[in-house]
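Positions 59 to 202 (our numbering) are the ones given, in order, by the sequence shown. Worksheet: the structure to be examined is printed underneath.
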Amino acid sequence: MKIKAVGAYSAKQPLEPMDITRREPGPNDVKIEIAYCGVCHSDLHQVRSEWAGTVYPCVPGHEIVGRVVAVGDQVEKYAPGDLVGVGCIVDSCKHCEECEDGLENYCDHMTGTYNSPTPDEPGHTLGGYSQQIVVHERYVLRIR
Numbered sequence: 059m060k061i062k063a064v065g066a067y068s069a070k071q072p073l074e075p076m077d078i079t080r081r082e083p084g085p086n087d088v089k090i091e092i093a094y095c096g097v098c099h100s101d102l103h104q105v106r107s108e109w110a111g112t113v114y115p116c117v118p119g120h121e122i123v124g125r126v127v128a129v130g131d132q133v134e135k136y137a138p139g140d141l142v143g144v145g146c147i148v149d150s151c152k153h154c155e156e157c158e159d160g161l162e163n164y165c166d167h168m169t170g171t172y173n174s175p176t177p178d179e180p181g182h183t184l185g186g187y188s189q190q191i192v193v194h195e196r197y198v199l200r201i202r
């Protein structure tokens, strides 16, 4: 699905509107309509390629708040309309010792909210400066 986002095509360009593609939710995924996304200085470092590994186009944003609009058929914890948040991780292997201990940030296969390799178009994750995001339910947090 095509959605609107704000990102950069290079380290020397300002953030600008762009169209991006999001995958449809899988069985364990939550699709979120983003209402707010914080601006963290790490987002600016990434966009400016001040840290190694920036991939363009870069759509930053890892402090996400929004409403669930769809869930995969195996998701039981969330339903459309729920107010939720997403941080800096959107997936991991879920099977290594670190993941089983709840330390996914140490997983060798952790997927960051943006700039992490993924099989989805365009080959890396795109963050929360966008209209929607699709995230594995394990990395969604309910906001009450």
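Cβ atoms here follow ideal geometry from the backbone N, Cα and C, with glycine treated the same way. Treat the numbers as computed from the prediction; the structure is a model and nothing was measured.
Integer Cβ distance of residue i from residue j, believed to fall under 8 Å
i: Val123; j: Val88; result: Not really, about 13 Å apart at Cβ, beyond 8 Å.
i: Ile90; j: Val142; result: 6 Å
i: Pro118; j: Val105; result: 6 Å
i: Val148; j: His194; result: 7 Å
i: Arg200; j: Asp140; result: 6 Å
C-beta contact flag for residue i and residue j at 8 Å
i: Val192; j: Pro85; result: no
i: Tyr187; j: Gly111; result: no
i: Thr176; j: His120; result: no
i: His182; j: Val97; result: no
Buried or exposed by the 16-neighbour rule on C-beta atoms within 10 Å, applied to residue i
i: Glu162; result: buried
i: Leu102; result: exposed
i: Tyr197; result: buried
i: Val129; result: buried
i: Ala63; result: buried
Beta bridge counterpart(s) of residue i as assigned by DSSP
i: Arg125; result: Glu91, Leu141
i: Ser188; result: Ala63
i: Asp131; result: Its beta-bridge partners do not exist; DSSP assigns none.
i: Gly170; result: Ile147
i: Pro175; result: His182
i: Glu7; result: No information on residue 7 is available, as it lies outside the stretch 59 to 202 that the chain covers here.
For the stretch 161-174 against the stretch 66-81, are there 3 or more C-beta pairs whose distance is under 8 Å?
-> Remark: fewer than three beta-carbon pairs, one from each stretch, lie closer than 8 Å, so the stretch 161-174 and the stretch 66-81 are not flagged as touching.
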